[in-house]
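With our numbering applied, the sequence shown covers -6 to 355. Using N, Cα and C, we set each Cβ at its ideal position, and we do this for glycine too. A quick write-up on the structure given underneath.
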Amino acid sequence: MIHSPEQHGHNIKRRSAMLAIVALGALLVYALRDFQGGILGALIIYTLFLPLHKRFVNKLRIRRSLSAAFIMLVSSIVILIPIVATVLVVSNSVINYVDRIEQKGGISESMPNLASAFIDTDRELFNGVKVGDITSQIELGPIAENIAQSAQTFAVSAASGISNLGLQILVMFFILFYLLKDTDKLTKVFYNYSPFNNKNSKRLLTEFRNTTYAGVVGTGLNAVAQGFVLSIGFWIFGFPEPVFWGFIGGILSFVPVVGPALVWAPAGVIALLQNDYLPGVGILLWGGLLVSLIDNALRLVVNSKMGHIHPLVSLLGIFIGLPLFGILGLVIGPVLLSFFILAVKMYRDEFLTDKKSFKDGV
């Protein structure tokens, strides 16, 4: 097909404009790469609290800015609860561990016991070797110095991580306020600039909301329930640190298929190897029946009420999200991957003309 010089010039301008837009967009994404966690966090919180915001504004006639401020307050409390719980659980476990060492006389007193236990593992190999021969060669000064240096490095890293987290939260709440305050304007902007028609654009928003609810509310509720039940099982059968291991099991529940089994299965096997048959069999049955039953039951409820995220999508999303967003990637990763798959599906439905042959080839 032969184009006129005017059409040819128009096509060149259009392609140049598109190239400039893509280049500027890529530059903006690169410039905001350090704040992507805060931006995505704001979008997720906005999606979760938008129904409440609309109820405040439309039914209770509360000012948009006041409603946005109230939702920011509520969401900050929701965010702080797991952070404070994490700090309390981990610090309590560290304190208990240090107390157990001090009850045994500290590191210097525990060193001979550790060396003696190591020698007992192979008497033939260490024949004639005495505990004193080993511990006398160990200089505790350099060890203590290394521990102090490691603690200092960890403190600097922790301070840097806390400051970065604080900046991400500040960016997140700043964006969240204007998302809530100008939600009607932003919705119109989305419909105007969306590459899909209005029907598919509305479907995209609906599916994003359902996926976000399934990924955040459903998975979070599942994590709390499984961690709580697992900690009760550890307490009933006499395993140490039940709260800590329940917390770890709750975090691992984000990992599909295995989840908290990475906690209760090794605990049961170790107990059986130590001839503690009742705790070993008990925790294996508790985890295999009760914890797994809660997982399956809650997933059915979440899938029917909120939406469905395939386990493979969840697993791949976690692998994608963790390096990019840290601990938030456990939630953001699967949501983003699900949203990407949905966008590809909608592009196929709207722009691919040979739909029948495409579906037949799948």
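Three-way DSSP call (helix, strand, coil) for residue i in this model
i, result
"R56", "coil"
"E343", "helix"
"D269", "coil"
"L25", "coil"
"F232", "coil"
"P253", "coil"
"V77", "helix"
"L158", "helix"
"M11", "helix"
"V248", "coil"
Alpha carbon of residue i to alpha carbon of residue j, nearest angstrom
i, j, result
"G208", "S9", "39 Å"
"I311", "V15", "28 Å"
"I162", "L59", "20 Å"
"L305", "V248", "10 Å"
"R202", "G252", "25 Å"
"I244", "Y270", "27 Å"
"N4", "G18", "21 Å"
"R57", "K195", "23 Å"
"G242", "L291", "16 Å"
"N289", "W238", "21 Å"
"L173", "A61", "6 Å"
"R341", "F189", "11 Å"
Residue i: first and last residue of the uninterrupted alpha helix (DSSP H) it sits in
i, result
"W238", "P235 to L245"
"Y206", "Neither: Y206 is in no alpha helix (DSSP H) and is coded neither H nor E."
"W228", "T212 to I229"
"L309", "P304 to F318"
Min CB distance residue i to chain C below 8 Å
i, result
"S246", "The displayed structure is made up of one protein chain only, and chain C is not part of it."
Any non-hydrogen atom of the ligand GTP within 7 Å of residue i CB
i, result
"F344", "Ligands in the displayed structure: none, and consequently the ligand GTP is not present."
- Message: Is it the case that the stretch 305 to 320 contacts the stretch 256 to 271, given that we only count it when at least three CB pairs across the two stretches are under 8 Å?
- Response: Put simply, the stretch 256 to 271 does not touch the stretch 305 to 320. Fewer than three CB pairs are less than 8 Å apart.
- Message: Quick check: the stretch 209 to 217 against the stretch 179 to 187, are at least 3 beta-carbon pairs closer than 8 Å?
- Response: With the cut-off at 8 Å, the stretch 179 to 187 and the stretch 209 to 217 do not touch.
- Enumerated in chain order, which unbroken segments of the alpha helix (DSSP H) with a length of 4 residues or greater are wholly contained in the stretch 165 to 190? The stretch 165 to 190 contains these whole alpha helix (DSSP H) runs: 176 to 186.
- Cβ pair count under 8 Å reaching 3, the stretch 27 to 46 against the stretch 189 to 206: Flag = yes, the stretch 27 to 46 and the stretch 189 to 206 touch.
- Task: State whether the stretch 219 to 230 contacts the stretch 275 to 293, with contact taken as three or more CB pairs (one from each stretch) at a distance under 8 Å.
- Result: Taking a cut-off of 8 Å for Cβ pairs, the stretch 219 to 230 and the stretch 275 to 293 touch, as three or more such pairs fall below it.
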